[in-house]
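First the structure, in the form of structure tokens, and then the observations on it.
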């Protein structure tokens, strides 16, 4: 009877593998945020099955929305060069004009 109680308790509240994010979790969140046109991101939680990310917007005058149409082309370009993928990011040129670059 006691065994069934603990079995029910275990199924009711899933076992948490770990409670904190690892370096790899932070790195994965950073990559996810960058491919979604954010400046950077980091892991804010892990429940043993899923992790949660917090993404940060670019600071003006930079704007990640300029990369929305260029992200896919950048990723494909990087794959053609042998990388797993890449991300587009905004930057200012010498005349302070907003343009994009691609990081593999």
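Numbering (my numbering), first residue to last: 29 to 132. Every residue, glycine too, gets a C-beta built ideally from N, C-alpha and C.
Legend entry - Every unbroken alpha helix (DSSP H) inside the segment 34-119 [4 residues or more]: 51-63, 99-108
Legend entry - Spatial distance of residue 92 from residue 85 (CA atoms): 7 Å
Inset, instruction - Identify which residue in 125, 130, 48 has its Cα closest to the Cα of residue 90. - result: 125
Inset, instruction - Can you give me the Cβ contacts of residue 95 inside the same chain, cut-off strictly under 7 Å, excluding the 5 residues immediately before and after it? - result: 65, 116, 117, 118, 128
Inset, instruction - Could you pull out every residue in the same chain whose Cβ sits closer than 6 Å to the Cβ of residue 98, ignoring the five residues on either side in sequence? - result: 116, 128
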